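These notes are about the structure you will find just below.
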Amino acid sequence: MSIPLLEITPKTQNQRVPGYDVPDEDDARIYRLTDATSDTDVNNIIWACYRQIFSEHLILESYRQEFLESQLRNRAISVREFIRGLGKSEVYREQIAELNSNYRVVELTVQRFLGRPSYGKQEQIAWSIVIATKGLHGFIDAVVDSDEYRSNFGDDIVPYQRRRMEARPFNLVNPRYNDYWRGRLLEREMMTRSYYQVRQYQAGELDKKVVRQAIPASFFIMAKGIITPQLTPQRDVARSTSSAIKVPDMSRDDNGTPKPTVKPVAARLPYSYIPPLKKN
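Sequential numbering of the sequence shown, starting at 13, is according to my numbering.
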């Protein structure tokens, strides 16, 4: 039995409210398969799908899904199934899923497949559970088969950003250069280097920050777990135990009788026999 999607409280987003803005060049162009009457129109739909899902405005030859293209050209599949195939392709896995955390994958997928930003951390957690239980393909199926996708794009419309008030379009955001990906690259680059390799890599003054980055974070966690408590200095031990030590009275014998004391003898200073000088 699969875990149902957690309830999500939508935020007040612009795409959930009818717009009053005047259409201009910033509005997304809508591509429909039912409006395609020539091979050129179908090609435009295919490239629009690549731009929306792969975020590639100059598609690489190795990224093309020729089998899916052939099916769409022959009207054997709908645009929705073509979008599903792009989401399940190895290109999407390598360029999106493997480069980011599950939260980031949810954010990018919601933007590109549903045409809106995610409803904060709550929605990212809900969809991340779907990724953890059903995998990437199950997550793509859940998004493409959702009521939100069907009601906004149906079977023949290429997904698009439903409202853009500011910032860059969703399909222009590169997923490979966020903080998470840079952190992974740094960890992958530095974790296998020794102290001397890092110093040689620095090629100059030794940077403690770079040296620290060369040590895996797991090592610091392990080191903290095995650190033994410091030994108490000898002075602290003496101070803590001195109050319990009784110093014997050496001026009396065992019966309590005072011991004879030795009277001090006047000492003669050197050269005391020399008479002092007379003052004039």
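Don't be surprised by glycine CBs; every beta carbon is placed ideally from N, CA and C. Here the structure is a predicted model, which means the values were calculated and not measured.
- The alpha-carbon of isoleucine 71 is positioned some 52 Å away from that of isoleucine 238.
- Non-local beta-carbon contacts of glycine 150 in its own chain, meaning distances under 7 Å to residues more than five positions away in sequence, involve Val142 in chain order.
- DSSP places arginine 162 within a helical segment (H, G or I) once states are collapsed to three.
- For isoleucine 108, no alpha helix (DSSP H) segment is defined, and its DSSP state is neither H nor E.
- Under the three-state reduction of DSSP, isoleucine 233 is assigned to helix.
- For tyrosine 62, the uninterrupted alpha helix (DSSP H) run begins and ends at 51-66, by DSSP.
- Just so you know, the alpha carbons of isoleucine 42 and isoleucine 137 end up roughly 31 Å apart.
- With a contact defined as Cβ atoms closer than 8 Å, isoleucine 152 and arginine 96 qualify at about 6 Å.
- When C-beta atoms of the stretch 123-135 are compared with those of the stretch 159-177, three or more pairs fall below 8 Å, so the two segments count as touching.
- The Cβ atoms of valine 91 and leucine 45 sit closer than 7 Å to each other.
- Nearest neighbour of alanine 144 by Cα position, chosen from Ser113, Tyr131, Arg174, Ser130, turns out to be Ser113.
- Taken through DSSP and simplified to helix, strand or coil, isoleucine 169 comes out as strand.
- Taking the C-beta atoms as reference points, valine 118 is found nearer than 7 Å to tryptophan 139.
- Here the alpha carbon of lysine 146 sits roughly 26 Å from the alpha carbon of tyrosine 172.
- Of the residues assessed, glycine 99 falls on the buried side of the cut-off, its CB having 16 or more other CB atoms within 10 angstroms.
- Counting only residues of its own chain and dropping the five nearest sequence neighbours on each side, leucine 80 has a CB closer than 6 Å to the CB of Phe94, Gly97.
- Residue state for arginine 124 is assigned as helix, using DSSP reduced to three classes.
- For glycine 147, the enclosing alpha helix (DSSP H) begins and ends at 132-156.
- Distance between serine 130 and glutamate 160, taken at the CA atoms: about 13 Å.
- In this structure isoleucine 65 does not touch glutamate 135 by the C-beta definition: roughly 19 Å separates them, more than the 8 Å allowed.
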